[in-house]
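Asks: In the working numbering, the protein residues as written are 44 to 309. Backbone N, C-alpha and C define an ideal beta-carbon position, used for all residues, glycine too.
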């Protein structure tokens, strides 16, 4: 048997062993970053989880890198605090530190996104902006669990009912319906939700009087659990890459969410 043949046979055996060795080593899955998914149209639609802005953002983050896998984890307005504290979720997004997060350990990262809560009323002859002030004596339609500026961000249902004559609902659609049917004088809606709804139903613009003065303009924050696999610096860097590439603008600006050129609070 020639030396050349033996050498070739050895190479084949070595290559086969190398390939088998590689095949035997399991691929390490990217660590999951569990992101709170709370019904908050148009950011999250509980009945259509792939429709909202959160789903678009997570897809963009996953396309951008392979070190982490961002996944949505369903929770509720009331439960999201304990879920982050107890490690059921790693990250809450589209949040504001004033919305009940005081005293909960989390890194607060500004997203450079701005939205607002706005006042709406049924459009009627002779009704103008003065209708929105004062709120006292008006019947309000509110989203249960939301923190509103006019109440000092208090969201206790009993307080809102007793002091502000509020009807509390679980959807923006219900708030809009109460206003259009005359069962509420003023409703509070998320600006991005109303813009998306008016794009689908242009006739709404003539039916509504929209307040020029907003209840609150808020900057969205991310709140990251201290024990999360990803660091706050890495997470902020990923978001900034999406901003500089124009991806954040593509996702959010059609809904009237303002995308800042840079963040001011790190």
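(1) Thinking C-alpha only, which one of 156, 237, 198, 256 is nearest residue 293?
(2) Provide the residue span of the alpha helix (DSSP H) that contains residue 222, from first to last.
(3) Nearest to residue 232 by alpha carbon, out of 212, 145, 264, 200?
(4) For residue 265, write down the residues that DSSP places opposite it in a beta bridge.
(5) Is it buried or exposed, residue 114, if we count other Cβ atoms within 10 angstroms and call 16 or more buried?
(6) Who pairs with residue 311 in a beta bridge, going by DSSP?
(7) Have a look at residue 129 and residue 146 and give me their C-alpha separation to the nearest angstrom.
(8) Locate the beta strand (DSSP E) running through residue 115, then write down its first and last residues.
(9) Rounded to whole angstroms, what is the Cα-Cα separation between residue 269 and residue 287?
(10) Tell me, please, whether the stretch 265-279 touches the stretch 176-185 by the rule of three or more beta-carbon pairs shorter than 8 Å.
(11) What would DSSP say about residue 120, mapped onto helix, strand or coil?
(12) Identify the continuous beta strand (DSSP E) that holds residue 135 and give its terminal residues.
(13) Out of 223, 300, 289, which one is the CA nearest neighbour of residue 253?
(14) Which class does residue 65 belong to by DSSP, given the choice of helix, strand or coil?
(15) Below 8 Å, how does it come out for the stretch 249-264 and the stretch 164-173: are there three or more Cβ pairs, yes or no?
Replies: So, from the listed chains and residues:
(1) Taking the first residue of the chain shown as 1, we reach residue 293 at position 250. Looking at the Cα atoms, 156 is the closest of the given residues.
(2) Here residue 222 refers to the residue found at position 179 of the chain shown. Unbroken alpha helix (DSSP H) run through residue 222: 215-223.
(3) Counting from one through the chain shown, the residue named residue 232 turns up at place 189. Out of 212, 145, 264, 200, 212 has the C-alpha closest to the C-alpha of residue 232.
(4) Working through the chain shown from its first residue, we reach residue 265 at position 222. Its beta-bridge partners are 152.
(5) Looking up residue 114 in the chain shown gives position 71. By the neighbour-count definition (other C-beta atoms within 10 Å, threshold 16), residue 114 is an exposed residue.
(6) Residue 311 lies beyond the residue range present for the chain, which begins at 44 and ends at 309; the question has no answer from this structure.
(7) Along the chain shown, read from residue 1 onward, the residue named residue 129 stands at position 86. Along the chain shown, read from residue 1 onward, the residue named residue 146 stands at position 103. The alpha-carbon atoms of residue 129 and residue 146 are separated by roughly 14 Å.
(8) As a first step, residue 115 must be located in the chain shown, where it is residue number 72. Residues 112-117.
(9) For the purposes of this step, residue 269 is identified with residue 226 of the chain shown, where counting begins at 1. For the purposes of this step, residue 287 is identified with residue 244 of the chain shown, where counting begins at 1. For residue 269 and residue 287, the distance between alpha carbons rounds to 27 Å.
(10) Short answer: they don't touch.
(11) If you number the chain shown from 1, residue 120 lands on position 77. In the structure shown, the three-state DSSP call for residue 120 is coil.
(12) Position 92 of the chain shown holds residue 135. Start and end: 134-138.
(13) Your numbering for residue 253 matches position 210 in the chain shown. Of the listed residues, the one whose Cα sits closest to residue 253 is 223.
(14) Stepping through the chain shown from its first residue, residue 65 is reached at position 22. At residue 65, the pLDDT of 49 sits below 50, so the modelled position is not reliable; the number obtained from the coordinates is stated separately. Reduced to three states, the DSSP call for residue 65 is helix.
(15) At 8 Å Cβ cutoff, the stretches touch.
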